[in-house]
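Asker: First, the structure itself, so that you have it in front of you.
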Amino acid sequence: MYLVLDTNVVIDHLDVLKWFSKDVEALGLRIKIVVPHVLLSELDGLKGSKSLGWFARQASGWILDRMRESKTVKVQARKETLHTPLDPVRKNDVAIYDCAKFFQQTGYVVLVSRDNNLLLDGFSNDVPTVCPPRRGWSSRDLARGIAQELAHFGVPVFLDVSKFRGHDHTPVYRPSRGSRELRTTMPPKSEGDGDDRMDVDDDGFHNEYIPSHALDALHLQVIDHFTPMLKDLAARVRTSTGDSVEQELSRHAPWYRRKGFDTWTVGDCLEYLGSKKRLLVTSPSLRVFLLGRSEDRGWRRGQDWSHQDWQNAMTALQDVGTKFEDRSTLISLGYLKLETERVFKTPMRPTGI
């Protein structure tokens with residue numbers, strides 16, 4: 197089965213797509229998330245937007261990582277098209293619709309979009325469609341929508357939606373209408389909530405950290421975005437300097453050299469880069485700021501770092517990007533600075549946690 201995405205869904209609901217991709221992999225389902233090639237072009241165009249640049253770069257980074265590391269995400273090839281005549285006014289919508297119709301030749305397809313015209317195109321031409329709400333959506337809701345739409349078209353579906361991550365009131369950091377971001381802290385789950393929420397299985401499936409504050413959600417995005425970027429930078433430096441020996445057995449070698457590059461943490465990458473060029477020392481260190489929850493006791497939630505801590509971490513990123521002339525890091529950092537200021541200026545209730 198193919199799930200064809202529209203750009204607005206990737207921008208507004210990237211967190212849901214991340215969880216859905218993880219759920220599909222964990223459950224061993226034969227579902228392929230298809231990224232139309234025109235979507236990548238639209239994301240490239242949005243990277244220069246002051247209000248959407250950060251989100252576009254997040255989406256592009258996730259697509260690239262998923263293509264490398266999983267079998268659940270596929271980018272449409274140029275040849276995978278029906279060559280539907282393009283309306284100059286709606287050429288991107290038509291290209292996404294064409295993508296859905298192409299893959300419908302070889303399997304079941306569901307088109308996911310919030311664009312009314314594109315949804316109407318699909319509905320009018322026997323393409324099952326799912327339209328997510330503005331907020332309050334989950335991996336389970338997406339799975340349920342897929343099952344309902346396919347059933348409506350007479351397709352037998354054997355999909356246990358209870359196995360997908362449910363709605364847990366996680367604050368999702370996304371652009372809102374008019375680019376006025378609404379960042380709220382949601383109340384705890386009440387006993388009267390229905391079974392559409394997340395179930396915690398005994399085997400630990402879905403036993404993941406759930407951010408309780410907009411700063412926590414933004415912090416996770418920062419970790420997810422810059423960790424692979426720094427690892428890619430370290431890999432390029434190793435190649436350009438001829439310093440690509442996989443492992444050293446000497447006990448006097450730095451710790452990161454005594455293990456394979458694939459297992460390097462962001463701290464290992466920063467230590468290696470620091471051995472090539474002297475990096476700025478900040479408090480907190482960039483290594484600590486980018487720690488994942490399970491990596492070290494020094495981990496903190498996004499809301500636990502002060503405004504100055506965030507500024508210091510971004511200064512450290514600026515130093516790395518500047519000294520190694522890494523344009524991608526510097527550009528992403530520019531949009532992160534804008535988003536960080538927006539979230540700090542937005543009134544938010546304390547979590548009390």
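Residue numbering for the sequence shown is 197 to 549, as defined by the numbering used here.
Don't be surprised by glycine CBs; every beta carbon is placed ideally from N, CA and C.
1) Do the stretch 226-235 and the stretch 243-254 meet, that is, are 3 or more Cβ pairs less than 8 Å apart?
2) Could you compute how far the alpha carbon of valine 306 sits from the alpha carbon of leucine 355?
3) Nearest-angstrom Cα distance between valine 205 and glycine 341?
4) What did DSSP end up calling threonine 162 once you bin it into helix, strand or coil?
5) Is the stretch 306-315 in contact with the stretch 259-270, if contact means three or more CB pairs nearer than 8 Å?
6) With a 10 Å radius around its C-beta and 16 neighbouring C-beta atoms as the bar for buried, classify threonine 511 as buried or exposed.
7) Mapping DSSP to helix, strand and coil, what is lysine 228?
8) Using only the alpha-carbon positions, how far apart do valine 516 and isoleucine 292 sit?
9) Would the beta-carbon of valine 308 fall within 8 Å of that of proline 328?
10) So what does DSSP say about histidine 363, is it helix, strand or coil?
11) Please state whether the Cβ-Cβ distance between leucine 411 and glycine 498 is less than 8 Å.
12) For the alpha helix (DSSP H) containing valine 220, name the first residue and the last one.
13) Do tyrosine 198 and lysine 228 have their CB atoms nearer than 8 Å?
14) Taking buried to mean at least 16 other C-beta atoms within 10 Å of its own C-beta, is glutamine 417 buried or exposed?
15) So, is glycine 400 buried or exposed, given that buried needs 16 or more other C-beta atoms within 10 angstroms?
16) Which stretch, first to last residue, makes up the beta strand (DSSP E) that contains lysine 270?
17) If distances are taken between C-alpha atoms only, which option among Gly318, Ser358 and Pro324 comes closest to aspartate 337?
18) For valine 357, which three-state DSSP category applies?
19) Where does proline 383 fall in DSSP's three states?
20) Among the candidates Gly488, Leu213, Leu476 and Thr525, whose CA atom is the shortest distance from the CA of asparagine 508?
21) Compute the Euclidean distance between the alpha carbons of tryptophan 501 and alanine 431, then round it to the nearest angstrom.
22) Using three-state DSSP, classify methionine 197 as helix, strand or coil.
23) Would you mind reading off the limits of the alpha helix (DSSP H) that contains leucine 475?
24) Note the first and the last residue of the continuous beta strand (DSSP E) segment covering valine 305.
25) Are serine 335 and aspartate 219 touching if we call contact CB-CB under 8 Å?
26) Using a Cβ-Cβ cut-off of 6 Å (strictly less than) and excluding sequence neighbours within five positions of leucine 426, which residues of its own chain qualify?
27) Could you compute how far the alpha carbon of serine 471 sits from the alpha carbon of serine 266?
28) What's the C-alpha gap between aspartate 209 and valine 269?
29) Anyone know if the C-beta pair for phenylalanine 349 and valine 200 falls short of 8 Å?
Answerer: In short:
1) no
2) What you label residue 306 is simply residue 110 of the sequence shown in a count that begins at 1. What you label residue 355 is simply residue 159 of the sequence shown in a count that begins at 1. Taking the straight line joining both Cα atoms gives about 14 Å.
3) For the purposes of this step, residue 205 is taken as residue 9 along the sequence shown, with counting starting at 1. For the purposes of this step, residue 341 is taken as residue 145 along the sequence shown, with counting starting at 1. In a straight line, the C-alpha of valine 205 is about 14 Å away from that of glycine 341.
4) An answer regarding residue 162 cannot be provided, because it is not within the stretch 197 to 549 covered by the chain.
5) no
6) What you label residue 511 is simply residue 315 of the sequence shown in a count that begins at 1. So threonine 511 counts as exposed.
7) Along the sequence shown, read from residue 1 onward, the residue named residue 228 stands at position 32. DSSP places lysine 228 in strand when its eight states are reduced to three.
8) Your numbering for residue 516 matches position 320 in the sequence shown. Your numbering for residue 292 matches position 96 in the sequence shown. Distance between the alpha carbons of valine 516 and isoleucine 292 is about 38 Å.
9) For this step, residue 308 is matched to residue 112 along the sequence shown. For this step, residue 328 is matched to residue 132 along the sequence shown. Result yes, Cβ atoms of valine 308 and proline 328 sit closer than 8 Å.
10) Numbered from its first residue, the sequence shown carries residue 363 at position 167. Reduced to three states, the DSSP call for histidine 363 is strand.
11) Here residue 411 is taken as the residue at index 215 of the sequence shown, counted from 1. Here residue 498 is taken as the residue at index 302 of the sequence shown, counted from 1. Yes; because the gap between Cβ atoms is below 8 Å, this pair is in contact.
12) Here residue 220 corresponds to residue number 24 of the sequence shown, with the count starting at 1. 210-223 is the extent of the alpha helix (DSSP H) around valine 220.
13) Position 2 of the sequence shown holds residue 198. Position 32 of the sequence shown holds residue 228. Contact: yes.
14) Along the sequence shown, one-based indexing puts residue 417 at 221. With 16 or more other Cβ atoms within 10 Å, it is buried.
15) Counting from 1 along the sequence shown, the entry for residue 400 is found at position 204. Confidence at glycine 400 is low in this model, with a pLDDT of 34, below 50, so its placement is unreliable and the value that follows should be read with caution. Glycine 400 should be labelled exposed.
16) Counted from its first residue, the sequence shown places residue 270 at position 74. Where lysine 270 is concerned, the enclosing beta strand (DSSP E) stretches over 269-271.
17) For the purposes of this step, residue 337 is taken as residue 141 along the sequence shown, with counting starting at 1. Taking only the C-alpha atoms, the option nearest aspartate 337 is Ser358.
18) Translated into positions along the sequence shown, residue 357 becomes position 161. If DSSP states are grouped into helix, strand and coil, valine 357 belongs with the helices.
19) As a first step, residue 383 is located in the sequence shown; it is residue number 187 there, counting from the start. Per-residue confidence for proline 383 stands at a pLDDT of 30, beneath the threshold of 50, marking its modelled position as unreliable; no derived number is given.
20) Counted from its first residue, the sequence shown places residue 508 at position 312. Nearest of Gly488, Leu213, Leu476 and Thr525 to asparagine 508, Cα basis: Leu476.
21) Here residue 501 refers to the residue found at position 305 when the sequence shown is read from its first residue. Here residue 431 refers to the residue found at position 235 when the sequence shown is read from its first residue. Cα-Cα distance, rounded: 29 Å.
22) Within the sequence shown, the letter at position 1 stands for residue 197. Reduced to three states, the DSSP call for methionine 197 is coil.
23) Taking the first residue of the sequence shown as position 1, residue 475 is located at position 279. Premise fails: leucine 475 is in no alpha helix (DSSP H) and is neither H nor E.
24) For this step, residue 305 is matched to residue 109 along the sequence shown. From DSSP, the beta strand (DSSP E) with valine 305 extends over 305-308.
25) Start at 1 with the first residue of the sequence shown, and residue 335 comes out as number 139. Start at 1 with the first residue of the sequence shown, and residue 219 comes out as number 23. Yes; because the gap between Cβ atoms is below 8 Å, this pair is in contact.
26) For the purposes of this step, residue 426 is identified with residue 230 of the sequence shown, where counting begins at 1. Closer than 6 Å at the Cβ level, and outside the excluded window around leucine 426, lie Val462 and Cys465.
27) Residue numbering aside, residue 471 sits at position 275 when the sequence shown is read from its first letter. Residue numbering aside, residue 266 sits at position 70 when the sequence shown is read from its first letter. Answer to the nearest angstrom: the Cα atoms are 32 Å apart.
28) Here residue 209 is taken as the residue at index 13 of the sequence shown, counted from 1. Here residue 269 is taken as the residue at index 73 of the sequence shown, counted from 1. Sequence inspection shows histidine at residue 209; the aspartate mentioned does not correspond to that position. Histidine 209 and valine 269 have their C-alpha atoms spaced approximately 16 Å apart.
29) One-based indexing of the sequence shown puts residue 349 at position 153. One-based indexing of the sequence shown puts residue 200 at position 4. No. Outside cutoff.
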